[in-house]
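Chains as they are written, first to last, in this note's numbering: chain C, 1 to 343; chain P, 1001 to 1343. This report refers to the structure that appears directly beneath it.
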DNA sequence: CTGTTAGCGCCTTCAT
DNA sequence: ATGAAGGCGCTAACAG
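This is how it looks when you write it as structure tokens:
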């Protein structure tokens, strides 16, 4: 009963039916060149015997695995999960599955993951570079092997040699900060992430441009570049920041939803009123901002769509005859300022 | 330059070195039966030629893919992502990767995913059944094919035929509700999820037991079983619930962090003070509860650990000589009530 | 319409 | 210490 049954294969069906393996294979493929009656017999027998095709054998033979590798900096950031959902949704329609790996914000791990995908397990790769990633050679090496690659988010110049999809971080933050200014705020703080990360640099640039355009001085004291790579330390960093500030700002522009929420929490605990005394804006709009009281004004980033688009670019590469004529494609997605109670 | 180079394989190395494929294979395996000098030559040449082993060929030949399939009801629930992180962390040490699929809360999709894993792509499967899953046959069928399976969370009797890991939902909620009672609360509301889901049934049982034990009447009006399977509708359902209640409760026990947060948001907006007038408890403790103001008291569920343990059970099955002697193993993990400002 | 044959790239006896 | 050969399960080109 609990006998370890051997998997049934094409050969077994062929033998039972006294026909060749090739015919069985073709029949199961619904190849019209096989007589209908034979096809039916084969289907029936296959079902009866509990036949399941061997994906690995198929892949080896066909040269396709129908797997797509996805490398993200971390699992525990809703943004990346949303992107993965988008990718998954899109590629599933084309009969692909995704294999997700985390680079844990480390360039070394990113390289390792890439290499492990180089072993023929995946037909293509979608990657979001870490803040440490300053070179394109590891990616280029993959592309040279004929494996399609698409990048998303956090693409710095040096890494921009492949198809990629992103948002215009500088413009998004510019308009958010300008919105604060037009609301009459002047002492606007900026909270970003690690300086090395391109998206944070761009968001900082947008902040500076908006301030400069409106002739508002930028005070070092009001700038925080969080260095933490995990939740708990972010919290501490932000609390310390506000505790050490000489005069509280009248608005805070933050570069992630989490920074925004932690900022609101800290300020509320310090006794300030939001938005009466201080406005706060987050970045991402991944659900939490809406629940918080007061709900948080956010720059909404189309994460799910970013995944879908990245997947689309990849699938398109699959269908291109050869890479020689491949022109790099860059997709810039729209962001939107969602107004809520925190401003 | 952008020539589509063919992948280099063992044969290429063998030819270049004028030795056999077998020797190359063994050399790269660091097989001591190969002369050291040969081994070195092979390594050098392999590196020089940019050799990368073909994972698929390896898998076909060895019968192992080193892939583990994971099926979760949804991607956008931190709990499942945390479990996946735990699984990933554990299996990575044993040189496995995970392939995550979502059943989107549908039994049909769960079955489909299972079947697609049955095609030899994965060496084992970790699955969290949907609320719709009332049968074990689809899982049993996988097990019968010799593919190890481990389940986690939401295991009802009918589905409990495989190794699994869970928490004692009833006890956890019992103690949380009893805690509220001991704090002097009497009019305690319950907010759970779809009735069909075992974990919610158990959490409801715990609530009822605690109330009964302390002779507190249970009012239907104070009970809500949310039916929504996505965020937005949950919000509406909970708002409606409180808007239609005749007399507001003095405490609310909720079955997920999200329900808890939405409850707090709704109550705060209605003008109630938390915890002065109403206490709120969440379930999960996945980070948001700590940020909210007031911070939320939660039952902490060891999600990450649940993943690690599930992975461990699976890897152990790999190492067992045969399944005939396999005794089903059940792991019950500890929960903890984390006290914060909402109670 | 069906069968034969030759791979896909690697591993693994069995020889030598 | 190395080579030759068969096999993993399936696909596809070529015959008939």
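Each residue gets a CB set at the ideal place from its N, CA and C atoms; glycine is no exception.
A residue is called buried once 16 or more other Cβ atoms fall within 10 Å of its Cβ, and residue 1073 (chain P) is buried on that count.
According to the DSSP assignment, residue 1283 (chain P) belongs to the beta strand (DSSP E) that extends over 1279-1284. Listed along chain C, the residues sitting closer than 9 Å to residue 1293 (chain P) by beta-carbon distance are 264, 265, 268, 269, 292, 293. In this model, residue 1144 (chain P) and residue 1276 (chain P) are separated by some 56 Å (Cα to Cα). At a cut-off of 8 Å between beta carbons, residue 1332 (chain P) makes no contact with chain C. When the alpha-carbon of residue 124 (chain C) is set against those of C:105, C:59, C:147, the nearest one is in C:147.
At a cut-off of 8 Å between beta-carbon atoms, residue 1076 (chain P) makes contact with chain C.
Residues of chain C whose Cβ lies closer than 8 Å to the Cβ of residue 1081 (chain P) are, in chain order, 75, 76, 81. Taken through DSSP and simplified to helix, strand or coil, residue 1268 (chain P) comes out as helix.
Beta-bridge analysis with DSSP links residue 120 (chain C) to no other residue.
Cβ neighbours of residue 231 (chain C) within its own chain (closer than 8 Å, five residues either side excluded): 76, 258. Taken atom to atom, the span from the alpha-carbon of residue 1183 (chain P) to that of residue 1293 (chain P) is near 21 Å. In this model, residue 1028 (chain P) and residue 1326 (chain P) are separated by some 36 Å (Cα to Cα). Contact annotation, residue 1309 (chain P) with residue 1333 (chain P): C-beta distance approximately 7 Å; criterion of less than 8 Å satisfied. Non-local C-beta neighbours of residue 1010 (chain P) in its own chain, meaning closer than 7 Å and more than five positions away in sequence, comprise 1021, 1024, 1025, ordered along the chain. Residue 1225 (chain P) sits in a strand when the DSSP states are folded into three classes.
Spanning the alpha carbons of residue 266 (chain C) and residue 225 (chain C) requires a straight line of approximately 17 Å. For the set C:121, C:343, C:48, the Cα lying nearest the Cα of residue 177 (chain C) is the one of C:343. Between residue 1209 (chain P) and residue 1174 (chain P), the C-beta gap is smaller than 8 Å, which places the two residues in contact. The straight-line gap separating the alpha-carbon atoms of residue 36 (chain C) and residue 30 (chain C) is approximately 9 Å. By DSSP's assignment, residue 163 (chain C) forms a beta bridge with C:150. Counting only runs that start and end inside the segment 63-95 of chain C, the beta strand (DSSP E) elements of at least 3 residues fall at 67-72. Rounded to the nearest whole angstrom, the C-alpha separation of residue 1162 (chain P) and residue 1121 (chain P) is 20 Å.
When Cβ-Cβ separations below 8 Å define contact, residue 224 (chain C) makes no contact with chain P.
For the segment 1054-1069 of chain P, the set of positions with a beta-carbon nearer than 7 Å to some beta-carbon of chain C reads 1054, 1055, 1056, 1057, 1059, 1060, 1065 in chain order. Between residue 59 (chain C) and residue 1142 (chain P), the gap from beta carbon to beta carbon reaches 8 Å or more.
Under the DSSP definition of a beta bridge, residue 192 (chain C) partners with C:225. Under a 10 Å Cβ-count criterion, residue 1113 (chain P) is classified as buried, with 16 or more other Cβ atoms of the shown protein chains found around its own Cβ. Taking a Cβ-Cβ threshold of 8 Å, none of the residues of chain C is close to residue 1284 (chain P); the smallest such distance is about 14 Å. By DSSP's assignment, residue 338 (chain C) forms a beta bridge with C:298. In chain order, 1054, 1055, 1056 make up the part of chain P whose C-beta sits under 7 Å from the C-beta of residue 120 (chain C). Within the DSSP bridge table, the entry for residue 1126 (chain P) names P:1070, P:1150 as partners. When the beta-carbon positions are compared, residue 129 (chain C) and residue 154 (chain C) come within less than 8 Å of each other. Close to chain C, meaning a Cβ-Cβ distance shorter than 8 Å, are the following residues of the segment 1099-1114 of chain P: 1099, 1100, 1101, 1102. By the CB criterion at 8 Å, residue 1084 (chain P) and residue 1100 (chain P) fall inside the cutoff. 1144, 1145, 1146: these are the residues of the segment 1137-1159 of chain P whose beta carbon lies less than 8 Å from some beta carbon of chain C, given in chain order.
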